[in-house]
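Residues 1 to 531, numbered by the UniProt record's numbering, are exactly what the sequence shown covers, in order. Step one of this worksheet: look at the structure below.
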Amino acid sequence: MSSCARLSKLSRSAVLQARSCINVQVKETGLKTITSANKIAFSPLSRPQNRKFTQLSATSIIGTESVKRTSRNGKSQRLQRRMYSSYPTHEMVKLPNLSPTMEAGTIVAWEKQEGERIEEGEVLAIIETDKSTMEMETPEEGYVAKIFLPAGSKDVPVNQPIAIIVSEEEDIAAFANYNPDEAASGAPAEAAEPAAPVESTPPPPPAAPTPAAAAPPPPPPPVPHASPTARVFASPLAKRVALERGVDINQVNGTGPRGRITVEDVEAHKQPAAVSAQPTPVAAAPPVMATPTPPPPPPATASFTDLQLSNMRKIIAKRLTESKQTVPHYYLSVDVNMDKVLELRQQLNSESNGEYKLSVNDFILKASALALKKVPECNSQWMTDFIREFHTVDISVAVSTEGGLITPIVFDADKKGLQNINNDVVSLAGKARENKLQPHEFQGGTFTISNLGMFGVTNFSAVINPPQSCILAVGGTEDRIIPANNEAGFAAAKVMSVTLSCDHRVVDGAVGAQWLTVFRSFLENPITMLL
1 MSSCARLSKL SRSAVLQARS CINVQVKETG LKTITSANKI AFSPLSRPQN RKFTQLSATS
61 IIGTESVKRT SRNGKSQRLQ RRMYSSYPTH EMVKLPNLSP TMEAGTIVAW EKQEGERIEE
121 GEVLAIIETD KSTMEMETPE EGYVAKIFLP AGSKDVPVNQ PIAIIVSEEE DIAAFANYNP
181 DEAASGAPAE AAEPAAPVES TPPPPPAAPT PAAAAPPPPP PPVPHASPTA RVFASPLAKR
241 VALERGVDIN QVNGTGPRGR ITVEDVEAHK QPAAVSAQPT PVAAAPPVMA TPTPPPPPPA
301 TASFTDLQLS NMRKIIAKRL TESKQTVPHY YLSVDVNMDK VLELRQQLNS ESNGEYKLSV
361 NDFILKASAL ALKKVPECNS QWMTDFIREF HTVDISVAVS TEGGLITPIV FDADKKGLQN
421 INNDVVSLAG KARENKLQPH EFQGGTFTIS NLGMFGVTNF SAVINPPQSC ILAVGGTEDR
481 IIPANNEAGF AAAKVMSVTL SCDHRVVDGA VGAQWLTVFR SFLENPITML L
């Protein structure tokens, strides 16, 4: 039966906007089947006294079509939300992804409060990411109508709504009682809105037209992601880890905000799967062995403090654990005679007239960059199906901050002089300690240097910074007796120990040794760095 015969109360203009023929077969008792190319929402508007049927809402038709036009034209979603609700035109501000590894952030402070006017490009909030603390600028001008989360809110997922901006000041009052749940329910991607009217009809259809119609049986527990056709709310990293580990993401229970699946949920789901594969008697006999044994509680007299993990500390732990578990490390160490470098450094600093003060690390960075041009295999990354060899030398320098370790980058280090390298390192280290680094200043890099010599460390091995293939661990200089061509046959020298950690998938042992030979040659004969 044609829909036009049943939808008498709709204006013809609204029906024409549906752009598809919608067949609604109605019995005396209610709606039987619905077929719609555009998945238009249905809602009961009126009920004649002697019949029950589902009528198509003009608002729903217009709303759905506006979504499709918005998608094709690439316009803002504000019009879409306006068509689905009675709220004025507004911009939903979501927490942006400020770094490649960011899954959540902390709202350190709000620079604008509710009711205040904000101009395009002004700072709306201060956000702490897994790498640094950054300023979040507003996407457009207007008024802050609503702030969903207070300052200090931690572990806020990326893309979660955090504020609303309206263009007119008089529209602020309309959002006084607005909340993020309303924002989520207004999204057209949610399946609950079109499904509700279908479920409200008394007689169940004999044939299930959609998977959603077969989903409502009450006995199963409410697992948000059990249906294979339902939308899975999971972080990109959680999906990637689930794919790598062979975990069905639809079977994972999310513990994040609104059932969002996190990496921890995927990792926790893998343990029960392994236990269920064992024979039932074995699993029942020693239940204690099936789960990790918790550490023993501290003595009653023990004194301790539990420190909350920062976003940076979580990412450091995660990435370095992943590096040690997935990257085949090996280590090569050499001793370098630093006498000539120290002499040249003293001479250059004495002639600087206060314009610069070169450090030993500047020479190490320059020698490393030139060695990478000589041995480009160490300036590469493992890409699973191929090895990417970089033509530029961008060296990450490990900097210790109160929040943890971060690696700002000296770009094109092989092309820069010692003074420019020194200026870059000093500037980047200062920004890192003040949490003012911008994403482009620490994202990327082709090689990393970690220097602990200033802390009295003579030698150590560093963990590779993925996806890079090498990291150089630099120790301090110390006085040693070395062989010499003199009457005594020996001489005192300033010697520095360095250790190169390599990814064996990319850099073979002979290649790593070749790089160390070139690196040591540049430092023991620093004048050759001018060639």
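From the three backbone atoms N, C-alpha and C, an ideal C-beta is built for every residue, glycine too.
Between the CA atoms of residue j and residue i - distance to the nearest angstrom
i, j, result
"VAL397", "GLY259", "39 Å"
"LYS324", "TYR330", "11 Å"
"ASN177", "ASN423", "52 Å"
"TYR143", "VAL327", "50 Å"
"PHE442", "SER86", "44 Å"
"ARG433", "GLU264", "30 Å"
"MET102", "ALA302", "36 Å"
"ILE316", "GLY509", "27 Å"
"ASN253", "PHE233", "10 Å"
"GLU242", "GLU389", "One detail in the question is off: residue 242 reads as Ala in this sequence, not Glu. Taking the straight line from one Cα to the other gives about 29 Å."
"GLU114", "HIS90", "14 Å"
"ILE387", "THR446", "13 Å"
"MET161", "HIS504", "Reading off the sequence, residue 161 comes out as Pro, not Met. The alpha-carbon atoms of PRO161 and HIS504 are separated by roughly 44 Å."
"PRO157", "SER427", "31 Å"
"LEU79", "PRO96", "Low per-residue confidence applies at LEU79: pLDDT is 37, beneath 50, and the placement is therefore not dependable enough to give any value."
"PHE411", "VAL425", "11 Å"
"ARG240", "MET383", "15 Å"
"residue 541", "THR262", "With the chain covering only 1 through 531, there is no way to say anything about residue 541."
"GLU128", "ALA473", "29 Å"
"ILE164", "MET92", "5 Å"
"MET175", "ASN435", "Note that residue 175 is Phe in the sequence shown, not Met. Straight-line Cα distance between these residues: approximately 34 Å."
"THR528", "GLU402", "38 Å"
"ALA145", "LEU332", "59 Å"
"PRO219", "CYS502", "Legend: pLDDT at PRO219 = 42, less than 50; position of this residue unreliable, no value from coordinates given."
"LYS112", "SER235", "29 Å"
"LEU437", "ASP306", "29 Å"
"SER132", "VAL507", "31 Å"
"LYS416", "GLY256", "47 Å"
"MET136", "SER350", "44 Å"
"ASN486", "VAL360", "28 Å"
"ALA492", "LYS318", "44 Å"
"residue 538", "ASP385", "Lying outside 1 to 531, the shown extent of the chain, residue 538 is not represented and no answer is given."
"GLU322", "ILE172", "47 Å"
"ARG245", "GLN251", "13 Å"
"MET338", "LEU320", "31 Å"
Contacting residues, own chain, Cβ-Cβ under 7 Å from residue i (five flanking each side not counted)
i, result
"ALA369", "VAL393, ILE395, ALA413, ASP414"
"TRP110", "ALA125, ILE147, ALA151"
"PRO526", "LYS340, VAL341, LEU344, PHE363"
"VAL518", "ALA371, LYS374, VAL375"
"GLU141", "ILE118, GLU119, GLU120"
"PRO439", "LEU98, SER99"
Whole-number beta carbon distance between residue j and residue i, since they are thought to touch under 8 Å
i, j, result
"GLY475", "LEU452", "7 Å"
"ASP155", "ALA238", "Not quite, the Cβ-Cβ distance comes to about 14 Å (not below 8 Å), so this is no contact."
"residue 536", "ASN179", "What is shown of the chain runs 1 to 531, which leaves residue 536 out entirely."
"VAL399", "ILE409", "That belief does not hold up - the Cβ atoms of VAL399 and ILE409 are roughly 11 Å apart, past 8 Å."
"GLU122", "THR138", "6 Å"
"LEU358", "LEU309", "The pair is not a contact, with the Cβ atoms about 38 Å apart (cut-off 8 Å)."
"VAL334", "VAL457", "Rounded, the Cβ-Cβ distance is 16 Å, inconsistent with contact."
One or two residues paired with residue i in a DSSP bridge
i, result
"TRP515", "Note: TRP515 sits in no beta bridge, so no partner."
"THR106", "GLU128"
"SER501", "TYR331, ILE471"
"ASN451", "VAL474"
"ILE421", "Answer is none; ILE421 lacks a bridge partner."
"GLN381", "ARG388, GLN468"
"MET312", "MET312 pairs with nothing; no bridge assigned."
"ARG117", "TYR143"
"PHE490", "PRO483"
Residues of its chain near residue i, where Cβ-Cβ distance is below 8 Å and the 5 sequence neighbours each way are ignored
i, result
"LYS314", "ASP130"
"SER153", "THR106, ILE107"
"GLN514", "VAL375"
"PHE490", "ILE481, ILE482, PRO483, ALA484"
"ILE353", "Position check: residue 353 holds Asn in this sequence, whereas Ile was assumed. There are no such residues."
"GLY404", "SER310, MET312, ARG313, ILE316"
Sequence-distant residues of its chain with Cβ nearer than 6 Å to residue i (five each side left out)
i, result
"VAL336", "MET496, ARG520, LEU523"
"TYR356", "GLN419, ASN422"
"LEU531", "none"
Problem - At least three beta-carbon pairs within less than 8 Å, the segment 463-479 to the segment 345-358 - result: no
Handout entry: Stretch-stretch touch, CB-based, cutoff 8 Å, three pairs: the segment 460-475 with the segment 159-168
Key = no
Problem - Inter-stretch contact (C-beta, 8 Å, three-pair minimum) for the segment 349-367 and the segment 448-464 - result: yes
Handout entry: Stretch pair the segment 459-466 + the segment 482-493: three plus CB contacts closer than 8 Å
Key = no
Exercise for the section: Taking 8 Å as the threshold, find out whether the segment 499-515 comes into contact with the segment 376-387 through three or more Cβ pairs. Expected result: yes
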